[in-house]
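Right, one structure below, let's go through it.
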Ligand code: UGA
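In our numbering, the protein residues as written are 16 to 464.
Here it is in structure tokens:
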């Protein structure tokens, strides 16, 4: 089939590469000239493992505008829906793409909405600019850093829209559903059972995406609450959470406590889900609490560091990305933490294996190694769970630091190893014996109340 993908970000390029691998003729449209030039030059500005290599093997044409929309049987919308100032997604890019598709695409073409959009958006576009096409909500569940594995070996494929589009969409994903001739990825799923393909209404598919991210974020907030409580009562958070996870109804993933969740999806999608509920006059108590807890977690961690240090002390901050395995710093808890520490009058020298500079944050001094960032520091703070931080030589770091405090915001280091290297250790809930912050918090990650 001829496929046009609008948007060359994470979801767009991964969708384009996968659909090309499955045998379709794919054009990917990108309006940002720098990003377009990078893809055309064979580079991967997203640094997603395996993506550049896959693009060398398949035929994806990158173009600045959609000249062949009229020939496309499938048009994938994968543009950004960033969080607007009121917490609702900004749909400007979706509206622009829809107007263009409505004006040029052939009648009956399937428009796959892969951008995360508020419930009701697909139906609204179907009854508006895309009335001649068939609008299908087809949310993605890709994790940054594992995007190809998640795209070729998904846990489920969710899609919803006009009933006469169902078969075509299922056929588009046939080889993925049947696990037939897919690439041999290191972290590939070995199961041979077909991938569940769930067809539903567009509104249900749209809500499924928010529900999944909202639930995962809530699970993390709950795990962080248990970790805080474990500290307060003198229990071992790792033992408690690890044992909880053995119950298959709970599951062991997404129980690692930390200084809070972030990234381009969870903060935006939880706020959007809350806005959807608010818009219907529904008070989504659990979700609101999960969002508030996340802001409190970060502030509590920052407050514990502030309490332990004298004004103008120096912090060696390890990690700037929102999680390991990505160069993405959007809504990164590490950067939100750095801002809080700077606001408190501390100075911050940071190191992250995937970040060379941070032009938007000139007060965070980005160094080129762990030791450089920790040189002369009064406290070392781990803010991202990069494996190299788990394996670092703590004694060498301790020789470079001035102070002996190690704040491990990602539960990466065994307290006994920290102590053996001469550090006083604190986990993500703050210093041992420290009080848990309970005062009012804002719901926007990183903005102080
Ligand atoms: C998330 C979802 O996991 C994907 O399924 C979804 O498709 C994607 O959002 C999206 O909506 O596009 P991603 O943002 O790449 O993927 O990040 P995750 O790996 O889910 O991590 C989110 C945050 O939770 C990170 O800050 C991470 O450090 C934190 N986290 C995760 C923990 O603190 N503890 C854990 O045990 C797991």
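Every residue gets a Cβ at the ideal spot worked out from N, C-alpha and C, and that includes glycine.
Taking every protein chain shown into account, the CB of residue 328 has 16 or more other CB atoms within 10 angstroms, so this residue is buried. Beta-bridge partners assigned by DSSP to residue 329: 362.
Secondary structure note for residue 225: its alpha helix (DSSP H) is the uninterrupted segment 217 to 248.
For residue 423, DSSP records a beta bridge to 397. With a cut-off of 7 Å, the C-beta of residue 195 is classified as distant from the ligand UGA, since no heavy atom of the ligand falls inside that distance. Per DSSP, the unbroken beta strand (DSSP E) holding residue 41 starts and ends at 40 to 44.
DSSP places residue 214 in the strand class (E or B) of the three-state scheme. Of the residues 269, 309 and 267, the one whose Cα lies closest to the Cα of residue 286 is 309. Per the Cβ contact rule, the segment 374 to 384 is not in contact with the segment 187 to 201 (fewer than 3 Cβ pairs under 8 Å). Taking 8 Å as the cut-off, the Cβ atoms of residue 372 and residue 381 count as close. In this structure, residue 167 sits away from residue 127, with a CB-CB distance that is not shorter than 8 Å. Here the C-alpha atom of residue 354 lies approximately 22 Å from the C-alpha atom of residue 101. For the pair residue 275 and residue 313, the CB atoms are nearer than the 8 Å cut-off.
With a threshold of 7 Å, the Cβ atom of residue 97 does not count as near the ligand UGA, since no heavy atom of the ligand is closer than that. Inclusion of residue 159 in the 7 Å shell around the ligand UGA follows from its C-beta lying nearer than that to a non-hydrogen atom of the ligand. Here the C-alpha atom of residue 236 lies approximately 8 Å from the C-alpha atom of residue 306.
A residue is called buried once 16 or more other Cβ atoms fall within 10 Å of its Cβ, and residue 346 is buried on that count.
Residue 364 has its Cβ no nearer than 7 Å to any heavy atom of the ligand UGA. Annotation for residue 432: 409 place their beta carbon closer than 8 Å to its own, counting only its chain and skipping 5 residues before and after. Bounds of the alpha helix (DSSP H) holding residue 184 are 181 to 187.
Judged by beta-carbon spacing, residue 144 lies within the 8 Å limit of residue 113, meaning their Cβ atoms are closer than that value. Scanning its chain for C-beta atoms nearer than 8 Å, with the 5 sequence neighbours on each side dropped, one finds around residue 71 the residues 57, in chain order. In the DSSP assignment, residue 432 falls within the alpha helix (DSSP H) that extends over 430 to 435.
For residue 284, the shortest separation between its Cβ and any heavy atom of the ligand UGA lies below 7 Å. Measuring C-alpha to C-alpha distances from residue 393 to each of 324, 41 and 105 identifies 324 as the nearest. Assignment of residue 76 by DSSP, reduced to helix, strand and coil, places it in the strand class. By the neighbour-count criterion, in which a residue is buried when 16 or more other Cβ atoms sit within 10 angstroms of its Cβ, residue 330 is buried.
It is roughly 16 Å from the alpha-carbon of residue 261 to the alpha-carbon of residue 241. Put simply, of 208, 178 and 36 the residue whose alpha carbon is nearest the alpha carbon of residue 215 is 178.
A distance of 8 Å or more separates the beta carbons of residue 90 and residue 136. For the pair residue 62 and residue 369, the CB atoms are nearer than the 8 Å cut-off. Under the DSSP assignment, residue 150 falls in the beta strand (DSSP E) whose first and last residues are 149 to 152. Per DSSP, reduced to three states, the secondary structure at residue 113 is helical. Pairing residue 437 with residue 417 gives a Cβ-Cβ distance that is not under 8 Å. For residue 37, the shortest separation between its Cβ and any heavy atom of the ligand UGA does not lie below 7 Å. In the three-state DSSP reduction, residue 284 falls in the helix class (H, G or I).
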